[in-house]
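Using numbering that gives the first Met the number 0, the first residue of the sequence shown is number 0, and each one after it goes up by one. Glycine included, every Cβ here is placed at the ideal spot set by N, Cα and C. First the structure, in the form of structure tokens, and then the observations on it.
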Amino acid sequence: MKRVISLILALSLLCSSGLFDIMAWAAEELPEGSQNVSQDTTQSMTPIFQFDPIIQEEGYRVLAVDESTGLEYERLNNTYCEIIGYEGNASRLVIPEKLGGYTVRSIGESAFSWNGDLEQVTLPDTVERICAYAFENCDNLEQINIPDGVEELGERAFAGCDRLRSFTVPSSLKRSGSAVWEDCLDLETIVIPDDLTAIPYELFMGSCIRSITIPDSVTSIGEDAFYGCSALTSIIVDENNSNYSSDANGVLFNKNKTLLIQYPVGSNKTAYTIPDSVTSIGYGAFEVC
0 MKRVISLILA
10 LSLLCSSGLF
20 DIMAWAAEEL
30 PEGSQNVSQD
40 TTQSMTPIFQ
50 FDPIIQEEGY
60 RVLAVDESTG
70 LEYERLNNTY
80 CEIIGYEGNA
90 SRLVIPEKLG
100 GYTVRSIGES
110 AFSWNGDLEQ
120 VTLPDTVERI
130 CAYAFENCDN
140 LEQINIPDGV
150 EELGERAFAG
160 CDRLRSFTVP
170 SSLKRSGSAV
180 WEDCLDLETI
190 VIPDDLTAIP
200 YELFMGSCIR
210 SITIPDSVTS
220 IGEDAFYGCS
230 ALTSIIVDEN
240 NSNYSSDANG
250 VLFNKNKTLL
260 IQYPVGSNKT
270 AYTIPDSVTS
280 IGYGAFEVC
């Protein structure tokens with residue numbers, strides 16, 4: 000055993016001695032003007048990423064925090080940014096049109112979700128998109144403006160905002176996720192502007208609205224737009240609407256009343272007589288009644 004240990008030690012000394020000899024020989028044989036790689040080069044090295052206390056780069060993503068507002072944002076391109084989070088605790092928040100020189104174009108997914116401090120939020124006119132869960136479960140949020148120019152409301156964007164009482168849908172709206180206002184227990188009024196042309200799929204799904212008026216400008220209503228609106232007692236359609244109509248019971252039909260689209264499931268009536276003109280009943284028209 001002692002012989003084995005002695006042999007290992009001898010080999011180790013031989014290798015280390017040979018290595019140092021080779022390194023010394025290589026250093027002596029370097030051509031004139033060449034740099035010795037064994038020298039300390041840490042001062043000449045440049046890091047791949049340089050992190051600023053405020054701005055960070057993660058691959059192709061550029062993330063930043065605006066110190067004056069506490070808003071976290073992501074640069075989308077050389078012009079626009081998206082708000083992705085909030086570090087502040089203000090009850091009233093005014094979001095500026097620009098952050099770090101970039102125009103605020105969208106409110107990102109879950110950007111303000113579960114924030115219990117916010118009571119009032121003012122969005123800039125530059126916002127075009129409010130992503131899924133953006134303000135979900137902001138249970139003290141009472142007021143928020145939705146600028147004309149917003150084209151998309153994401154899934155459950157305002158779900159669980161218990162104190163939100165009224166909401167105006169922008170006329171620019173083109174797309175909507177489902178259950179945007181689900182479980183908004185105090186939300187009684189959703190105002191549809193006179194120039195809105197389409198009510199997207201599942202737009203009011205699960206909301207607690209009591210009644211809604213559809214203007215004459217609306218030409219299409221997406222499937223399940225009123226699904227699960229358990230407090231809805233009346234759907235009123237402007238008589239000048241060329242595509243839809245309603246009756247004295249607040250029931251939604253197509254213009255000629257051949258298709259019954261939606262019965263207001265929050266109605267306290269114990270009986271309802273379907274008009275003779277009806278030839279078909281829409282899917283889910285009486286569901287959850």
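Would you give the residue range spanned by the beta strand (DSSP E) that residue i belongs to?
| i | result |
| --- | --- |
| Ile189 | 188-190 |
| Tyr243 | 243-245 |
| Leu258 | 258-261 |
| Asn253 | 251-253 |
| Phe166 | 165-167 |
| Thr121 | 119-121 |
| Ser105 | 101-106 |
| Glu71 | 70-74 |
| Leu140 | From DSSP, Leu140 is part of no beta strand (DSSP E); its letter is neither H nor E. |
| Leu92 | 91-93 |
| Ile273 | Element bounds for Ile273: n/a, residue is neither H nor E. |
For residue i, I'd like the list of residues in its chain whose CB is within less than 8 Å of its CB, leaving aside the five on either flank, ordered along the chain.
| i | result |
| --- | --- |
| Val277 | Phe252, Lys256, Thr257, Leu258, Leu259 |
| Asp237 | Thr212, Ile213, Pro214, Asp215 |
| Leu186 | Cys160, Leu163, Arg164, Ser165, Phe166, Trp180, Ser206, Cys207, Ile208 |
| Asp275 | none |
For residue i and residue j, I'd like the C-alpha separation in whole angstroms.
| i | j | result |
| --- | --- | --- |
| Gln119 | Ile273 | 44 Å |
| Val264 | Gly100 | 49 Å |
| Asn267 | Pro192 | 28 Å |
| Asn88 | Leu163 | 19 Å |
| Tyr85 | Val149 | 21 Å |
| Asp39 | Thr102 | The predicted model places Asp39 with a pLDDT of 45, which falls under 50 and marks its position as unreliable; any figure quoted below should be read in that light. One C-alpha to the other measures close to 45 Å. |
| Phe50 | Asp65 | Its pLDDT being 33, under 50, Phe50 is placed unreliably in this model, and the value from its coordinates should be taken loosely. Their Cα atoms are separated by approximately 16 Å. |
| Thr218 | Ile280 | 19 Å |
| Glu81 | Asp246 | 44 Å |
| Ile83 | Ala131 | 12 Å |
| Ile189 | Thr232 | 14 Å |
| Ala178 | Ile234 | 18 Å |
| Gly69 | Ser229 | 38 Å |
| Ser90 | Tyr271 | 46 Å |
For residue i, collect the residues of the same chain with a Cβ closer than 7 Å to its Cβ; drop the 5 residues on either side in sequence, then sort them by chain order.
| i | result |
| --- | --- |
| Gly32 | Confidence at Gly32 is low in this model, with a pLDDT of 48, below 50, so its placement is unreliable and no value can be given for it. |
| Asp223 | Tyr200, Glu201, Met204, Gly283 |
| Pro184 | Inspection of the sequence shows that residue 184 is occupied by Leu rather than by Pro. Contacts found: Asp161, Cys207. |
| Ser241 | Lys254 |
So, under 8 Å CB-CB, residue i and residue j are touching, yes? Tell me the CB distance rounded to an integer number of Å.
| i | j | result |
| --- | --- | --- |
| Ile213 | Tyr243 | 6 Å |
Could you check which residue in the options has the C-alpha nearest to that of residue i?
| i | options | result |
| --- | --- | --- |
| Glu154 | Thr68, Ser210, Gly107, Leu75 | Gly107 |
| Leu152 | Ile208, Asp275, Asp215, Thr167 | Thr167 |
| Ser175 | Asp215, Glu187, Ala156 | Ala156 |
| Ser210 | Val250, Val179, Leu62, Ser219 | Val250 |
| Ser67 | Asn76, Ile94, Thr78 | Ile94 |
| Leu140 | Arg128, Lys254, Asp116 | Asp116 |
| Thr269 | Asn248, Gly281, Lys254 | Asn248 |
| Thr125 | Tyr79, Gln142, Ser90 | Tyr79 |
| Leu172 | Ile129, Ser241, Asp138, Asn77 | Ile129 |
| Tyr226 | Glu286, Tyr271, Leu195 | Glu286 |
| Thr121 | Asp182, Gln142, Glu71, Leu75 | Gln142 |
I'd like the list of long-range same chain contacts for residue i, defined as Cβ closer than 6 Å, with 5 residues on each side in sequence excluded.
| i | result |
| --- | --- |
| Glu135 | Ser112, Arg155, Ala158, Gly159 |
| Thr41 | Only weak support exists for where Thr41 lies, its pLDDT of 39 falling under 50; the coordinates are left without a value. |
| Ser109 | Tyr132 |
| Asn303 | Residue numbering for the chain in the displayed model covers 0 to 288; residue 303 lies beyond these limits and cannot be assessed. |
| Pro169 | Ile145, Asp147, Val149 |
| Pro123 | Ile94, Glu96, Val103 |
| Ile220 | Ile198 |
| Ser105 | Glu81, Arg128 |
Are the C-beta atoms of residue i and some chain B residue less than 9 Å apart?
| i | result |
| --- | --- |
| Thr121 | Any reference to chain B falls outside this structure, which holds one protein chain only. |
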